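Residue numbers (the numbering used here), protein chains in the order written: chain A, 7 to 224; chain B, 81 to 231.
All C-beta atoms in this analysis are idealised placements derived from N, C-alpha and C, irrespective of residue type, glycine included.
For clarity, every value in this text was computed on a predicted model and none was experimentally measured.
To keep things clear, I will list the structure first and then write my remarks on it.
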């Protein structure tokens, strides 16, 4: 068994259990809400406060469930060496799972792919790693407060492109050239090459672009 | 007087018992089975209108229960409620004739809406078949029942 498959299997199994735990918390909180709603107004002076707390619990359960769902799907990524993957879903997944790292850097990432489904036939784990490396690169060299739009699209009906757009350019093209000699960039390029794809950064706009050329798009 | 009878099948006892209580508070005759095997035993003895069925369970899984229930008890509408079903699982469940395929967690009011819609479908189908049977068109009534079974 490959190490990645082992880690993925354990992750997927554990997230399944976490989802069950969250479902029990949610329904138990819901039952308490049901009981509280049966109490006539004025009888229990803390009723509204309790309902607010239960609503907070429910919100956090939904949040935990979203993370758990994405982590479960991520855990299944090493299941196959090649499969057809929805790029928008992969971007969503990596944004959700790395929110904490981005928050520590006071940055946000958002999926700006829209509703068009771009499918990519690829190594599911490696493409996720490449998306993460793109995010990590921008987190290392971006500016706190950056709101980075990540979008996937097709070009010429053959190429699949994933772009990381920081919006307003805050660093000079000279600085960008320097960044592209960094270890992080070299590492990102290596992953890109192993996928027969190409990583580039526009010196004027600061947009980081991953271009998948030799893979079959569907 | 309860509105209609529901069977909820899930191996997560704490979850299904709590949900059972909430559904009962909303005036449904709710019952619980903690495994696929237990669900089929219940179906043999009683006639729920709607079955809420978990997909992944130890022993007989939800898909097998669905397959057997649609074959032997076509009048029971089945709603799947699963935590981690794949798109392929959903396609297979729909092919087997599931009324709806839901993913956990689901707000209780949305769940109630689906259960009621499933019950209404069951009533409509029974009424259409009964109308043909009353008119002496037993073949057509049987065809409707068979069609419902396959759907």
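Residue i - DSSP class collapsed to helix/strand/coil
{"i": "residue 86 (chain B)", "result": "strand"}
{"i": "residue 12 (chain A)", "result": "helix"}
{"i": "residue 223 (chain A)", "result": "Since pLDDT at residue 223 (chain A) reaches only 46, below the 50 mark, its modelled position is unreliable, and the value read off the structure follows with that caveat. In the structure shown, residue 223 (chain A) sits in a strand (DSSP, three-state: E or B)."}
{"i": "residue 174 (chain A)", "result": "coil"}
{"i": "residue 203 (chain A)", "result": "strand"}
{"i": "residue 111 (chain B)", "result": "strand"}
{"i": "residue 38 (chain A)", "result": "helix"}
{"i": "residue 187 (chain A)", "result": "coil"}
{"i": "residue 175 (chain B)", "result": "helix"}
{"i": "residue 231 (chain B)", "result": "Its pLDDT being 44, under 50, residue 231 (chain B) is placed unreliably by the model, and the measurement read from it follows with that caveat. DSSP places residue 231 (chain B) in coil when its eight states are reduced to three."}
{"i": "residue 149 (chain A)", "result": "coil"}
{"i": "residue 19 (chain A)", "result": "helix"}
{"i": "residue 197 (chain A)", "result": "helix"}
{"i": "residue 189 (chain B)", "result": "helix"}
Beta-carbon separation (whole angstroms), residue i vs residue j, contact threshold 8 Å
{"i": "residue 112 (chain B)", "j": "residue 129 (chain B)", "result": "The pair is not a contact, with the Cβ atoms about 16 Å apart (cut-off 8 Å)."}
{"i": "residue 77 (chain A)", "j": "residue 103 (chain A)", "result": "6 Å"}
{"i": "residue 94 (chain A)", "j": "residue 124 (chain A)", "result": "7 Å"}
{"i": "residue 186 (chain A)", "j": "residue 148 (chain A)", "result": "Contact flag wrong, Cβ pair sits at about 15 Å."}
Extent of the continuous alpha helix (DSSP H) to which residue i belongs
{"i": "residue 116 (chain A)", "result": "Taken as a continuous stretch (DSSP letters only), residue 116 (chain A) belongs to no alpha helix (DSSP H), being part of the beta strand (DSSP E) at 114 to 117."}
{"i": "residue 122 (chain B)", "result": "116 to 125"}
{"i": "residue 142 (chain B)", "result": "142 to 152"}
{"i": "residue 166 (chain A)", "result": "It is not in any alpha helix (DSSP H) - residue 166 (chain A) instead sits in the beta strand (DSSP E) that spans 165 to 171."}
{"i": "residue 73 (chain A)", "result": "53 to 81"}
{"i": "residue 104 (chain A)", "result": "Here residue 104 (chain A) belongs to no alpha helix (DSSP H), and DSSP marks it neither H nor E."}
{"i": "residue 98 (chain B)", "result": "93 to 105"}
Spatial distance of residue i from residue j (CA atoms)
{"i": "residue 5 (chain A)", "j": "residue 42 (chain A)", "result": "Outside the displayed range of chain A (7 to 224) lies residue 5 (chain A), so it cannot be described from this structure."}
{"i": "residue 209 (chain B)", "j": "residue 97 (chain A)", "result": "50 Å"}
{"i": "residue 68 (chain A)", "j": "residue 195 (chain A)", "result": "37 Å"}
{"i": "residue 133 (chain B)", "j": "residue 154 (chain B)", "result": "15 Å"}
{"i": "residue 7 (chain A)", "j": "residue 89 (chain A)", "result": "19 Å"}
{"i": "residue 172 (chain B)", "j": "residue 159 (chain A)", "result": "31 Å"}
{"i": "residue 230 (chain B)", "j": "residue 175 (chain B)", "result": "Note that residue 230 (chain B) scores 44 on pLDDT, short of 50, meaning its location in the model is unreliable; the coordinates nonetheless yield the value given after this. So the alpha carbons of these two residues sit roughly 8 Å apart."}
Residue span of the beta strand (DSSP E) that contains residue i, given as start and end
{"i": "residue 157 (chain A)", "result": "153 to 161"}
{"i": "residue 211 (chain A)", "result": "Segment: none, residue 211 (chain A) is in no beta strand (DSSP E) and carries neither H nor E."}
{"i": "residue 92 (chain A)", "result": "89 to 92"}
{"i": "residue 127 (chain A)", "result": "125 to 128"}
Point to revise | Inter-stretch contact (C-beta, 8 Å, three-pair minimum) for the stretch 107 to 123 of chain A and the stretch 194 to 211 of chain B | key: no
Exercise for review: Would you check if there are 3 or more beta carbon pairs closer than 8 Å linking the stretch 16 to 33 of chain A to the stretch 47 to 62 of chain A?
Suggested key: no
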